[in-house]
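Presented below is the structure to which this report refers.
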Amino acid sequence: MIKTKIIKQKDLAVKQNLNIIKQALLSSKLVIFPTETVYGIGANALDPKAAKKIYKAKGRPSDNPLIVHISSKADVDKYVKSKSKVATKLINKFWPGPLTLIFKKNNLIPKTITGGLNTVAIRMPKNKTALSIIKHAGIPIAAPSANISGKPSSTKFAHVLNDFKNKVEIIVDGGDSLIGIESTVVDVSVNPPVLLRPGFITKSMIEQVLKIKIKDKSDIRVKSKVKSPGLKYKHYQPSGEVIILDGKIKKVAKYVNQLKLKSIAVICESEYKNLFKVKVRDLGSANKPESLAKNLYAALRDMDLWKIKHIYVHHLGDQELAYSLMNRLLKAANYKVIKL
Ligand code: TXA
Ligand code: MG
């Protein structure tokens with residue numbers, strides 16, 4: 277069994293700690309580290325043996341590719357066959373930051389991490405701890421979200437500890453994630469580019485920079501052929517059944533309050549929490565979509581802590597960041613929506 281070493285973010289000021297992380301990564305071990313979106317479970321992206329350990333630790337299907345994290349914009353050229361003008365524009369505007377781009381990969385990137393695909397997902401995170409770990413290690417780091425496959429992502433140190441204590445070599449405690457949902461994924465290996473996963477950076481923000489419309493294939497239900505393999509699996513699901521309630525809040529409250537169920541809870545915005553007679557998980561203010569994002573995965577994970585069997589979530593809307601949040605919630609609910 278591995279005995280996980282915990283390193284606090286502030287202790288990375290001590291070079292010896294960065295060296296310990298570097299040595300772990302260079303000897304094919306797993307290191308969990310914070311990013312501005314969610315925590316990532318990282319390994320040397322150039323080392324197939326290390327990548328396999330990620331799949332094993334998460335219980336992740338091997339055809340679901342990983343994101344390669346780099347610490348400088350220039351590094352992308354080391355791992356891709358070509359970089360379009362569109363890609364350059366997006367990199368200049370959004371990196372470092374919560375945007376992952378899909379490129380045609382070159383031979384340095386092993387197919388173990390791309391799930392057998394000829395493309396690779398690359399992102400330069402903004403989180404200072406993540407950047408210093410990648411830079412100091414001197415290698416690109418493959419890192420999916422640090423959660424057991426199918427479960428909600430980790431946005432708190434307690435979440436990664438719960439899922440991976442004594443399953444990885446090192447966990448870096450970076451406190452709470454700033455953004456709270458995973459990066460936006462855009463395929464720039466095709467023209468026009470395709471949105472595969474909405475995130476903090478929204479479709480309209482991308483279109484504003486590119487001055488063209490991009491395709492949205494982030495809704496797996498309307499897709500004929502699965503392009504992003506990760507999309508076909510179960511995602512973000514607590515143990516209880518999640519159901520989305522779509523309608524005016526008064527109708528939603530009336531619907532929930534007449535249910536005769538044990539072990540039930542509602543996830544909704546702060547403004548509405550007093551309307552319900554059942555247990556409520558406050559997601560933050562409806563006027564602050566950023567706070568909803570920050571609380572999203574902790575709320576879903578609380579459902580397991582509270583042992584809730586029936587989880588009702590108020591629909592958050594379909595514009596901008598709310599659209600990205602609903603992308604996650606709809607998957608958590610397996611697309612079960614009741615229109616009221
Ligand atoms: O914010 C994030 O992106 C976090 C942090 C740790 O950086 N990482 C993350 O990784 O969310 P993961 O593995 O949970 O999600 C990666 C997504 C999956 O939906 C995967 O299918 C897609 O990116 N992806 C990766 N490589 C791809 C490729 N070559 N083509 C299409 N989709 C790809
Ligand atoms: Mg994930």
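Counting in our numbering, the sequence shown tops out at residue 616, every number present.
Ideal Cβ positions, reconstructed from N, Cα and C, are used throughout, including at glycine.
Would you say the region 451 to 467 touches the region 307 to 321, given that touching needs at least three Cβ pairs under 8 angstroms?
Cβ pair count under 8 angstroms is three or more, so yes.
On a Cα-Cα basis, can you pick out the residue from E483, E566, L559 and K526 that is closest to L551?
Minimum Cα distance to L551 is reached at K526.
Give me the Cα-Cα distance between K623 and Q292, rounded to the nearest whole angstrom.
Residue 623 lies beyond the residue range present for the chain, which begins at 277 and ends at 616; the question has no answer from this structure.
Any heavy atom of ligand 1 inside 7 angstroms of the beta-carbon of P428?
Within 7 angstroms of the C-beta of P428 there is not a single heavy atom belonging to ligand 1.
Going by other Cβ atoms of all chains shown within 10 Å of its Cβ, with 16 needed for buried, is N394 buried or exposed?
Label assigned to N394: exposed.
Any heavy atom of ligand 2 closer than 7 angstroms to the Cβ of P310?
Flag unset: Cβ of P310 not near ligand 2.
With burial defined as no fewer than 16 other Cβ atoms inside 10 Å of the residue's Cβ, what is the status of I488: buried or exposed?
Residue burial annotation: I488 is exposed, with fewer than 16 other C-beta atoms found within 10 angstroms of its C-beta.
Counted within 10 angstroms of its Cβ, other Cβ atoms place G392 as buried (16 or more) or exposed
An exposed status is given to G392, since fewer than 16 other beta-carbon atoms sit within 10 Å of its beta-carbon.
For V466 and I543, I'd like the C-alpha separation in whole angstroms.
Take the alpha-carbon of V466 and the one of I543: they are about 38 angstroms apart.
Residue of I415, T431 and Y509 minimising C-alpha distance to S421:
Minimum Cα distance to S421 is reached at T431.
Buried or exposed for Q595, going by 16 or more other Cβ atoms inside 10 Å?
Answer is exposed; the Cβ neighbour count stays below 16.
Between the CA atoms of K305 and T280 - distance to the nearest angstrom
Straight-line Cα distance between these residues: approximately 11 angstroms.
If you check the beta carbons only, do A541 and I496 fall under 8 angstroms apart?
Their beta carbons are not under 8 angstroms apart, which means A541 does not touch I496 by this criterion.
Verify whether the separation of the beta carbon atoms of T390 and V396 is less than 8 angstroms.
Contact: yes.
Select from L375, K536 and N442 the residue whose C-alpha is nearest the C-alpha of L471.
Comparing Cα-Cα distances from L471 to each of L375, K536 and N442, the minimum goes to L375.
Work out the CA separation of D339 and K501 for me, nearest whole Å.
Reliability fails at K501, whose pLDDT of 49 lies under 50, so the model's placement of it is uncertain and the value that follows must be treated cautiously. Roughly 15 angstroms separates the two Cα atoms.
Report, in whole angstroms, the separation of the C-beta atoms of A319 and K329, which I expect to be a contact under 8 angstroms.
6 angstroms between Cβ atoms; contact.
Tell me the rounded alpha-carbon separation between Y548 and V589.
A direct Cα-Cα distance of roughly 12 angstroms separates Y548 from V589.
Between which residues of its own chain and K612 is the CB-CB distance below 6 angstroms, once the five residues before and five after are set aside?
Once the five neighbours on either side are set aside, the close Cβ partners of K612 are I519.
Compute every distance between the C-beta of K421 and the non-hydrogen atoms of ligand 2, then say whether any falls below 7 angstroms.
The question names Lys, but residue 421 in the sequence shown is Ser. Yes, ligand 2 has a heavy atom inside 7 angstroms of this Cβ.
With 16 other Cβ atoms within 10 Å as the buried cut-off, status of P401
With 16 or more other CB atoms across the displayed protein chains lying within 10 angstroms of its CB, P401 is buried.
If you draw a straight line from the alpha carbon of K615 to that of V485, how long is it in whole angstroms?
Taking the straight line joining both Cα atoms gives about 35 angstroms.
Looking only at its own chain, which residues have a Cβ that is under 6 angstroms from the Cβ of K443, when we skip the five neighbours before and after it?
When the five nearest sequence neighbours on each side are left out, the beta carbons in the same chain lying within less than 6 angstroms of the beta carbon of K443 are those of A333, in order along the chain.
Return the first residue and the last residue of the alpha helix (DSSP H) that L393 is part of.
Note, L393: premise wrong, no alpha helix (DSSP H); not H, not E.
Give the single residue among V448, I346 and H591 whose Cα lies nearest to the Cα of I297.
Of V448, I346 and H591, the smallest CA-CA separation from I297 is found for V448.
Tell me which same chain residues have a C-beta within less than 6 angstroms of the C-beta of D558, skipping the five on either side of it?
Result list for D558: S546 and K549, in chain order.
Name the DSSP beta bridge partners of D492, please?
Under DSSP, D492 forms a beta bridge with L471.
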